[in-house]
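To keep things clear, I will list the structure first and then write my remarks on it.
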Amino acid sequence: PWWMWLLAVLAVFLLGAIGFLAVQLLGGLGGSSATPSPSVAQVTVPDCDDVSLARLQAEAADLGLTVDRENEASEDVDEGDVIRCEPGTGLQVDEGSPIIAFVSSGADAVPVPGLRGQNLQQATETLREAGFSTGNIEREPDASVPDGSVIRSIPTEGVDHPRGEQVDLVLSTGLTPSPTASPTASPTPTPVPTPVPTPFPTPVPTGATPPP
C-alpha cells in the first residue's frame with residue numbers, strides 16, 4: 084500500500100538528519116580539544132622622555148621592540164633627542180611591536196617680521212604675534228626715522244629665528260644734533276721785563292789829604 088512507501092521515505096529522511104547532527108556534534112567536540120596558540124609576551128616601553136635616540140634604540144632592541152622615527156620641533160628638548168614615544172613610557176606592548184619615537188628637530192624657526200618705522204609699543208606687539216619677545220634696546224640718530232621708532236632689528240627682517248627667542252631693537256633718536264662750537268681762547272700776553280737801572284760810581288773828592 085502507498086502508506087508503506089511513505090513510511091519508508093520518512094525513515095530514510097530521519098536517518099539522514101540523525102547522521103548529519105551526529106557529524107556536527109562530533110566535529111564540535113573534536114575542535115574543542117585543539118591546542119590553543121601560545122600568547123605573545125608583553126614588555127614595558129622604556130623611558131622616552133628627553134633621552135638620546137641611540138639610548139632608546141638600544142633599550143628597545145633589548146626588549147625586542149623596534150623604533151620608528153618622527154621629527155618634531157621642540158623648544159625644550161635638544162635637537163636629536165627624543166621628546167616622547169607612542170605608546171608612551173611605561174605602557175605594556177607586545178614583544179616585537181614597533182614604537183614611534185618623536186625626535187626633536189630643534190626650536191621652530193620663523194622669519195623675523197618687518198619692524199622699521201614702528202614705535203616701541205607697536206614693535207613689541209608685532210614680535211609677540213610672531214612668537215618672539217623684545218630683547219635689548221639701543222638708540223642711535225637717524226634722519227630718516229622719527230624719534231622713538233625702530234631703525235632695524237637684530238636679527239634683521241626676514242631671517243629665520245627660533246620661536247620664543249628675543250629680538251633686539253635699535254630705535255632712532257631723530258636728527259643728529261649739530262656740534263656746539265667751542266669758544267676760541269684769547270692768547271696770553273707775554274710779560275715785558277722791567278728795566279733795572281745801572282748804578283753809577285761814587286765820586287772821590289780832589290785834593291783830599293789822606294788820614295795819618
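The opening position of the sequence shown corresponds to residue 84 in the numbering used here, with each subsequent residue numbered one higher.
C-beta: ideal position from N, C-alpha, C; glycine also.
Model, not experiment: these values are computed from the prediction.
What residue does the alpha helix (DSSP H) around residue i start on, and which one ends it?
i	result
ALA141	136–145
GLU212	203–213
Just confirm the distance between the C-beta atoms of residue i and residue j, as a whole number of angstroms; I'd bet it's less than 8 Å.
i	j	result
GLY171	VAL128	7 Å
ALA184	LEU136	6 Å
ASP243	ALA192	4 Å
VAL150	GLN140	5 Å
GLY241	PRO194	5 Å
GLU221	THR256	Not quite, the Cβ-Cβ distance comes to about 10 Å (not below 8 Å), so this is no contact.
Taking only three categories from DSSP, how would you classify residue i?
i	result
GLU155	strand
ALA192	strand
ALA226	coil
ALA124	coil
VAL242	coil
VAL106	helix
VAL150	strand
LEU93	helix
GLY99	helix
In terms of residues, what are the limits of the beta strand (DSSP E) holding residue i?
i	result
GLY218	216–223
ASP164	164–169
LEU174	Looking at the DSSP string, LEU174 is not in any beta strand (DSSP E), and its letter there is neither H nor E.
LEU252	249–255
SER187	181–187
ARG235	233–237
Under 8 Å, do residue i and residue j count as touching if we go by C-beta distance?
i	j	result
GLY163	SER187	yes
ASN251	SER236	With the sequence shown as reference, residue 251 is identified as Asp, and Asn is not the correct amino acid for it. Yes.
LEU203	LEU258	no
Taking the beta carbon of residue i as the centre, do at least 16 other beta carbons fall within 10 Å, making it buried, or is it exposed?
i	result
ALA91	exposed
GLN201	buried
SER216	exposed
SER122	exposed
LEU198	buried
ALA94	exposed
ILE166	buried
VAL228	buried
VAL106	exposed
THR101	According to the sequence shown, residue 101 is Ile rather than Thr. Exposed, because fewer than 16 other Cβ atoms sit within 10 Å of the Cβ of ILE101.
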